[in-house]
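Take 3 as the starting number for the sequence shown in the numbering used here and just add one per residue.
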Amino acid sequence: MALKLTQYAEIGSDKSLSSERHVLLVLNEKTEKSLPFAKILDNKLKRSKSEFKDLRKSPMTIELPNGGLASFVVLGEKLTMFQKHTLLRKAVKPLLDEQADNIAICIFGDEATKEVNACAAYYVTMVNAAELPSRKKDKKYKPLKEISIYGFKAAHDYNYVNARVAGNTLCRSLTMLPPNELTPTIYREKVKELAKEHGWQHEEFDMPKLKRMGAGAFYAVGQGSEPMDAAIVHLTYTPPNNKQKSSKKNIALVGKGICFDTGGHNLKPAKYMQGMHEDMNGSAVALGILLAATQMKLEVKLDCWLAIAQNHIGPLAYKQNDVVAALNGMTIEIVHTDAEGRMVLADTLTLASRPDVNGELPDVILDYATLTGSMAVAVTDRMSGVIANKPELACKAIGAGAVAGERIVAFPYEEDMDSDLDSDIADIKQCTLEGGGDHMHAARFMGKFIENDIAWLHADLSSTNSKGGLGAVQSDVNGFGVGFGLEMIKSLIV
Ligand SMILES: [Zn+2]
Numbered sequence: 003m004a005l006k007l008t009q010y011a012e013i014g015s016d017k018s019l020s021s022e023r024h025v026l027l028v029l030n031e032k033t034e035k036s037l038p039f040a041k042i043l044d045n046k047l048k049r050s051k052s053e054f055k056d057l058r059k060s061p062m063t064i065e066l067p068n069g070g071l072a073s074f075v076v077l078g079e080k081l082t083m084f085q086k087h088t089l090l091r092k093a094v095k096p097l098l099d100e101q102a103d104n105i106a107i108c109i110f111g112d113e114a115t116k117e118v119n120a121c122a123a124y125y126v127t128m129v130n131a132a133e134l135p136s137r138k139k140d141k142k143y144k145p146l147k148e149i150s151i152y153g154f155k156a157a158h159d160y161n162y163v164n165a166r167v168a169g170n171t172l173c174r175s176l177t178m179l180p181p182n183e184l185t186p187t188i189y190r191e192k193v194k195e196l197a198k199e200h201g202w203q204h205e206e207f208d209m210p211k212l213k214r215m216g217a218g219a220f221y222a223v224g225q226g227s228e229p230m231d232a233a234i235v236h237l238t239y240t241p242p243n244n245k246q247k248s249s250k251k252n253i254a255l256v257g258k259g260i261c262f263d264t265g266g267h268n269l270k271p272a273k274y275m276q277g278m279h280e281d282m283n284g285s286a287v288a289l290g291i292l293l294a295a296t297q298m299k300l301e302v303k304l305d306c307w308l309a310i311a312q313n314h315i316g317p318l319a320y321k322q323n324d325v326v327a328a329l330n331g332m333t334i335e336i337v338h339t340d341a342e343g344r345m346v347l348a349d350t351l352t353l354a355s356r357p358d359v360n361g362e363l364p365d366v367i368l369d370y371a372t373l374t375g376s377m378a379v380a381v382t383d384r385m386s387g388v389i390a391n392k393p394e395l396a397c398k399a400i401g402a403g404a405v406a407g408e409r410i411v412a413f414p415y416e417e418d419m420d421s422d423l424d425s426d427i428a429d430i431k432q433c434t435l436e437g438g439g440d441h442m443h444a445a446r447f448m449g450k451f452i453e454n455d456i457a458w459l460h461a462d463l464s465s466t467n468s469k470g471g472l473g474a475v476q477s478d479v480n481g482f483g484v485g486f487g488l489e490m491i492k493s494l495i496v
């Protein structure tokens, strides 16, 4: 059932809001006077020995005379989008915890900030109200039916925000699925259905095809798991009214889709194997971006490349010291079977950087992958790192992340690191065993497989699962990357 949205230019009074049971009041620093429910808020502030300005740090709820619940939050002018999202998530949580049918959002402040704050509050409410996979027998999902926005009437119907919510939710839902419910076979089937539903062109490079093509880097990983159902899936979105064909940008999205990562013969211990069904998150981010861009009808051609496989042990699984030849002809010495992400992405990046059927090349490649432990060591699980083969792309990424409320840290892409990957027997080593800077070595490695000097940004998603939520999103698996990726595309096509 579609959500009902009502918008009122005026803020309601205690009286006009009296029919609302769940109210979110988004204030700015100057809106202390003439607030709805001001007296009750004042009493609670006094009781808890706090002041109005404390609402800038932590939101507060009050019980309403009609039995409803109101949550107050103050969004300071100087806050970043990440900070606003975080405060709004904390403010809306008590309302959503009660499985609200309707939420009234009251937006205060000057006109300039109202639009931004209304979109942020709507996004945070919707993204946390979305249904996510649960296999609990008695857990019933109750959808949010209505949002009423008071104090701001937007010129749009929040279509862009809804699209981002849909993209983020798809990303989280796929990532949360247990690995027995998302094998490469099942994942490929789901992607095919999504392609049909959203009008994307769909093409698959399965294992026999990849073998014939000589995609030995991807194949090395895929060969280890029965029933050899790994594949590179290629989806294409073409904008509906495609008028400015010549000026239209081509962007390639690439995602790591390891449905389960045991580590391979260099097997992970239980503590580190836990949660490894989420190692396909990069591909889910790429899909989430594709879905949202489709709903936004963005004027851009998107090619989405998903590297879907599992990393298993078995008689056929690749092992240390194997040498394999990648699609671009380079030979790779295997050093650690748990560094499978860069292997499947190597050949996928080669495919993504080659001309399409019309002879067109992508202007930019954006890849998303839960790739290295060293990125999490470097930036924690609260932000993610990017590395680009063109520095201006990394700068753009930091800006796009700031707009989206997803924090991005840029790392260097320096040629002299290549000497660490020198191999005695092959053209390149897959990684080193020395540790330290693996996220940068991985990027240097993957960069070798991009053809035609295409500009490329690699996102190493260390913040995809953050306990207790991150920024806008309450669930541990947070869909980080979808918002940032959309802002990135928007900044590339203007
Ligand atoms: Zn791995």
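Idealized CB from N, CA, C, for every residue including glycine.
Margin query: Tell me the DSSP secondary structure of Gly-78 in three-state form.
Written below: For Gly-78, the three-state secondary structure derived from DSSP is coil.
Exercise for the section: Alpha carbon to alpha carbon, how far is Leu-27 from Pro-414? Give it in angstroms, no decimals. Expected result: Approximately 42 Å between the Cα atoms of the pair.
Original post:
Do the segment 470 to 479 and the segment 87 to 104 meet, that is, are 3 or more Cβ pairs less than 8 Å apart?
Top reply: Touching, yes.
Under three-state DSSP, which class holds Asp-365? Asp-365: coil per DSSP, three-state reduction.
Where do the ends of the alpha helix (DSSP H) carrying Gly-403 lie?
In the DSSP assignment, Gly-403 falls within the unbroken alpha helix (DSSP H) covering 393 to 406.
For this session: Can you tell me which of Ala-402, Asn-454, Leu-395 and Leu-81 puts its alpha carbon nearest to the alpha carbon of Leu-29?
Result: The residue among Ala-402, Asn-454, Leu-395 and Leu-81 with its C-alpha nearest the C-alpha of Leu-29 is Leu-81.
With C-beta atoms as the reference, is His-236 less than 8 Å away from Lys-321? A distance of 8 Å or more separates the beta carbons of His-236 and Lys-321.
Which residues in the same chain have their Cβ closer than 6 Å to the Cβ of Ile-42, if we skip the five residues on either side of it in sequence?
Same-chain partners within the cutoff: Ile-64.
Review point. Which residues in the same chain have their Cβ closer than 7 Å to the Cβ of Asn-330, if we skip the five residues on either side of it in sequence?
Key: Cβ neighbours of Asn-330 beyond the five flanking positions: Thr-352, Phe-451 and Glu-453.
**Prompt:** Just to check, is the beta-carbon of Asn-467 closer than 7 Å to a non-hydrogen atom of ligand 1?
**Reply:** No; taking the cut-off as 7 Å, the Cβ of Asn-467 has no heavy atom of ligand 1 nearer than that.
**Prompt:** According to DSSP, is Asp-305 helix, strand or coil?
**Reply:** Three-state result, Asp-305: strand.
- Within 10 angstroms of its Cβ, does Ala-159 collect 16 or more other Cβ (buried), or is it exposed? The identity of residue 159 in the sequence shown is Asp, whereas the question assumes Ala. The residue in question, Asp-159, is exposed, as its Cβ has fewer than 16 Cβ neighbours within 10 Å.
How many Å lie between Phe-154 and Ala-341 at the Cα?
-> When rounded, the distance between both Cα atoms is 50 Å.
Give me every residue whose Cβ sits closer than 7 Å to any heavy atom of ligand 1, in chain order. Every residue whose Cβ sits closer than 7 Å to any heavy atom of ligand 1 is listed here in chain order: Ile-260, Asp-263, Gly-265, Asp-281, Asn-313, Asp-340, Ala-341, Glu-342 and Gly-343.
query: Secondary structure at Lys-116, three-state DSSP: helix, strand or coil?
result: Three-state result, Lys-116: helix.
Which whole-angstrom value describes the C-beta separation of Met-209 and Ala-233, a residue pair presumed to lie in contact below a C-beta threshold of 8 Å? Between Ala-233 and Met-209 the Cβ distance is about 7 Å, and since that is below 8 Å, they are a contact.
Quiz item: With Ala-383 and Ala-457 assumed to form a contact (beta carbons below 8 Å), what rounded beta-carbon distance in angstroms separates them?
Solution: According to the sequence shown, residue 383 is Asp rather than Ala. Contact flag wrong, Cβ pair sits at about 28 Å.
Given that a residue counts as buried once 16 or more other Cβ atoms are within 10 Å of its Cβ, and exposed if not, what is Pro-357? By the neighbour-count rule (16 or more Cβ atoms within 10 Å), Pro-357 is not buried but exposed.
* In chain order, what residues of the same chain lie with their CB nearer than 8 Å to the CB of Ala-399, ignoring the 5 residues before and after it? -> Correct list, in chain order: Val-388, Ala-390, Ile-410, Ala-412, Leu-459, Ala-461, Phe-486 and Met-490.
Open item on the list: At the 8 Å Cβ level, is Ala-348 part of the contact set with chain D, yes or no?
Closed with: Judged by its chain identifiers, the structure shown contains no chain D, having just a single protein chain.
Using DSSP bridges, identify the partner residues of Ser-73. Per DSSP, Leu-26 and Thr-63.
Check the DSSP bridge columns for Leu-475 and list the partner residues they point to. Note on residue identity: the sequence assigns Val, not Leu, to residue 475. Its beta-bridge partners are Leu-472.
In DSSP terms, what Val-235 is bridged to
Bridge partners of Val-235: Glu-206 and Leu-308.
Thinking Arg-190 and Glu-206 are a contact (beta carbons under 8 Å), I'd like their distance in whole angstroms, please.
About 7 Å separates the two Cβ atoms, so the contact holds.
| Nearest candidate by alpha-carbon position, reference Leu-479, set Thr-238, Pro-180 and Tyr-239 | Going by the sequence as given, residue 479 is Val instead of Leu. For Val-479, the nearest C-alpha among the options comes from Pro-180.
Can you tell me whether DSSP reads Cys-108 as helix, strand or coil?
Correct three-state label for Cys-108: strand.
Note to self: Just to confirm before moving on: does the CB-CB distance between Asn-170 and Val-126 stay below 8 Å?
What the structure shows: Remark: C-beta atoms of Asn-170 and Val-126 do not approach each other more closely than 8 Å.
Tell me whether Ser-465 is buried or exposed, calling it buried when 16 or more other Cβ atoms sit within 10 Å of its Cβ. Here Ser-465 is buried, its C-beta having at least 16 other C-beta atoms within 10 Å.
**Study point:** Residues bridged to Ser-150 (per DSSP)
**Key:** Within the DSSP secondary-structure output, Ser-150 pairs in a beta bridge with Thr-8 and Ala-106.
Nearest CA to the CA of Leu-37: which residue from Gly-70, Asp-440, Lys-6 and Gly-111?
When each option's Cα is compared against that of Leu-37, the closest is Gly-111.
*Starting from Leu-351, trace the alpha helix (DSSP H) both ways and give me its first and last residue.*
Per DSSP, the continuous alpha helix (DSSP H) segment holding Leu-351 begins and ends at 342 to 354.
C-beta atoms of Leu-304 and Ile-149 nearer than 8 Å: Going by C-beta atoms, Leu-304 is not nearer than 8 Å to Ile-149.
| said: Assuming contact is defined by CB atoms lying nearer than 8 Å, are Thr-238 and Gln-203 in contact in what I supplied? | reply: Contact flag set, yes.
query = Rounded to a whole number of angstroms, what is the C-alpha to C-alpha distance between Gly-70 and Leu-146?
reply = Note on geometry: alpha-carbon atoms of Gly-70 and Leu-146 lie some 16 Å from one another.
message = I need the straight-line Cα distance from Leu-423 to Gly-290, nearest angstrom please.
response = Roughly 34 Å between the two C-alpha positions.
Worksheet item: By a C-beta neighbour count over all protein chains shown, 10 Å radius and 16 as the cutoff for buried, is Ser-285 buried or exposed?
Response: Ser-285 counts as buried, since at least 16 other C-beta atoms from the protein chains shown sit within 10 angstroms of its C-beta.
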